[in-house]
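Just below is one structure, and these are the notes that go with it.
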Amino acid sequence: MFQFLHTYDKLAGQRGLLLVINFKFAGQNERTASEEDVRKLHTFFSELDYDIVCQSDMTTNELKRSLEKIRYEYLTRQSHKYHCFICVIMSHGSELGIATQDGTIKVDDLVRPFKMIMHSVSLVRIQQRIGKPKIFIIQACRGGRSQVKEQYIEPNIINEADSTVCARLPTDADIIKIFATTPGYYSYRKVDSTSWRGAWFIQAFIAVARELPKSHIQEILTAVTHELAINPEYEIDGEKCQLPMFEAALSKLFYLKGKLRKKIKN
Numbered sequence: 006m007f008q009f010l011h012t013y014d015k016l017a018g019q020r021g022l023l024l025v026i027n028f029k030f031a032g033q034n035e036r037t038a039s040e041e042d043v044r045k046l047h048t049f050f051s052e053l054d055y056d057i058v059c060q061s062d063m064t065t066n067e068l069k070r071s072l073e074k075i076r077y078e079y080l081t082r083q084s085h086k087y088h089c090f091i092c093v094i095m096s097h098g099s100e101l102g103i104a105t106q107d108g109t110i111k112v113d114d115l116v117r118p119f120k121m122i123m124h125s126v127s128l129v130r131i132q133q134r135i136g137k138p139k140i141f142i143i144q145a146c147r148g149g150r151s152q153v154k155e156q157y158i159e160p161n162i163i164n165e166a167d168s169t170v171c172a173r174l175p176t177d178a179d180i181i182k183i184f185a186t187t188p189g190y191y192s193y194r195k196v197d198s199t200s201w202r203g204a205w206f207i208q209a210f211i212a213v214a215r216e217l218p219k220s221h222i223q224e225i226l227t228a229v230t231h232e233l234a235i236n237p238e239y240e241i242d243g244e245k246c247q248l249p250m251f252e253a254a255l256s257k258l259f260y261l262k263g264k265l266r267k268k269i270k271n
């Protein structure tokens with residue numbers, strides 16, 4: 006029988022795990038106001054009862070070693086404590102990838118340690134991570150072009166896409182990659198405002214997630230895309246704008262607060 010719209014389980018006592026890595030580049034092409042994004046993320050996910058790890062500027066090798074350590078310490082040895090893993094990386098970026106202190110790293114290289122690669126770890130260690138959602142949020146430019154708004158006529162057709170659930174999950178299952186902007190374009194930060202400071206995407210994501218506490222992650226992301234697309238607060242000179250995107254390989258619905266598994270009555 007066809008199965009659809011299952012939800013990722015959260016067992017009693019389990020929490021979410023948030024990793025925030027902020028490349029501020031102090032004194033060298035500094036990402037001004039990025040510390041505000043760290044503060045907002047910490048505040049919001051603390052309210053959702055997440056364990057939070059914050060790290061900052063590091064080299065490419067240091068970043069790789071840090072991600073491997075997080076994977077081993079939290080998602081292997083202590084996997085039973087967590088129902089999900091969210092990783093937010095904020096930095097400069099380009100078409101080549103994300104900037105580190107000494108170079109560039111590709112997003113796929115960041116995600117790779119968290120995939121289910123059977124030949125690299127034992128089956129016991131793999132089973133501890135199978136079926137748990139892993140969300141990667143990339144707050145960085147992806148090129149040097151500015152996105153601009155154009156007039157359009159809204160169609161009356163709604164396109165719908167189906168998704169499937171597999172009993173034997175493929176390597177990329179249960180991962181979603183979220184980008185602050187589309188390939189080739191800038192992402193923006195507000196640095197001199199009296200109302201709020203920080204990255205447009207982080208501001209919009211937290212604002213929408215607060216407004217939609219009962220929505221799953223893809224609903225939230227669609228609403229964030231809409232917010233960045235139409236709200237004049239997220240534009241420059243009435244023209245330049247930013248549009249996020251995400252690549253989802255989730256096999257179930259993911260809620261930031263998690264959904265407790267229902268007990269089966271005897």
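In our numbering, the protein residues as written are 6 to 271.
We put the CB at the ideal spot given by N, CA and C, even for glycine.
Just so it is clear, the structure is predicted and the values come from calculations on it, not from any experiment.
Asked: Evaluate contact between the stretch 96 to 108 and the stretch 18 to 37, counting only Cβ atoms and requiring at least three cross-stretch pairs below 8 Å.; Found: yes
Asked: Assuming Phe251 is part of the beta strand (DSSP E), what are its boundary residues?; Found: Met250 to Ala253
Asked: To which residues does DSSP link Tyr87 through a beta bridge?; Found: Arg20
Asked: In angstroms with no decimal places, state the Cα-to-Cα distance between Ser51 and Leu23.; Found: 9 Å
Asked: Give a yes or no on whether the C-beta atoms belonging to His97 and Phe30 are separated by under 9 Å.; Found: yes
Asked: Could you check how far apart the C-beta atoms of Leu255 and Ile181 are, in whole angstroms? I think they sit under 8 Å.; Found: 6 Å
Asked: Going by C-alpha distance, which of Ile140, Leu265 and Glu100 is nearest Arg117?; Found: Ile140
Asked: Of the choices Glu78, Pro138, Val25 and Thr65, whose alpha-carbon is the least far from that of Thr109?; Found: Thr65
Asked: Where does Lys195 fall in DSSP's three states?; Found: strand
Asked: Could you say if the stretch 83 to 99 and the stretch 12 to 22 meet the contact criterion of at least three C-beta pairs nearer than 8 Å?; Found: yes
Asked: Output needed for Ala253: all residues of its chain with C-beta closer than 7 Å, excluding positions within five of it in sequence on either side, in chain order.; Found: Ile181 and Gln223
Asked: Below 8 Å on the Cβ atoms is my guess for Ile235 versus Ala185; work out the distance and round it to an integer in Å.; Found: No, Ile235 and Ala185 are not in contact; Cβ-Cβ is about 17 Å, not under 8 Å.
Asked: Beta-carbon within less than 6 Å of Asp56's beta-carbon, same chain only, minus the 5 sequence neighbours each way: which residues are those?; Found: Arg20 and Leu22
Asked: With H, G and I counted as helix, E and B as strand and the rest as coil, what does DSSP make of Asp42?; Found: helix
Asked: Starting from the N-terminal side, write out each stretch of the alpha helix (DSSP H) that is 4 residues or longer and does not extend beyond the stretch 212 to 264.; Found: 222 to 235
Asked: Which first and last residues belong to the beta strand (DSSP E) in which Ser96 is found?; Found: Careful: Ser96 lies outside any beta strand (DSSP E) and carries neither H nor E.
Asked: Can you grab the Cα-Cα spacing for the pair Glu73 / Leu115, in whole Å?; Found: 10 Å
Asked: Roughly how many angstroms lie between the CA atoms of Ala212 and Lys195, to the nearest whole one?; Found: 15 Å
Asked: Between which residues of its own chain and Gly263 is the CB-CB distance below 6 Å, once the five residues before and five after are set aside?; Found: Lys15 and His88
Asked: How far does the alpha helix (DSSP H) with Lys74 in it reach, from first residue to last?; Found: Thr65 to Tyr77
Asked: Between the Cα of Ser229 and the Cα atoms of Gln208, Glu244 and Glu240, which residue gives the shortest distance?; Found: Looking at the sequence provided, one finds Val at residue 229 rather than Ser. The residue with the shortest Cα to Cα distance from Val229 is Gln208.
Asked: Taking its Cβ as the centre, do 16 or more other Cβ atoms sit within 10 Å of Gly203, making it buried, or is it exposed?; Found: buried
Asked: Looking only at its chain, what residues have a beta carbon closer than 8 Å to the beta carbon of Ser61, apart from the 5 residues adjacent to it on each side?; Found: Ile26, Asn27, Phe28 and Lys29
Asked: Helix, strand or coil: which one does DSSP assign to Ala204?; Found: strand
Asked: Beta-carbon within less than 6 Å of Ser198's beta-carbon, same chain only, minus the 5 sequence neighbours each way: which residues are those?; Found: none
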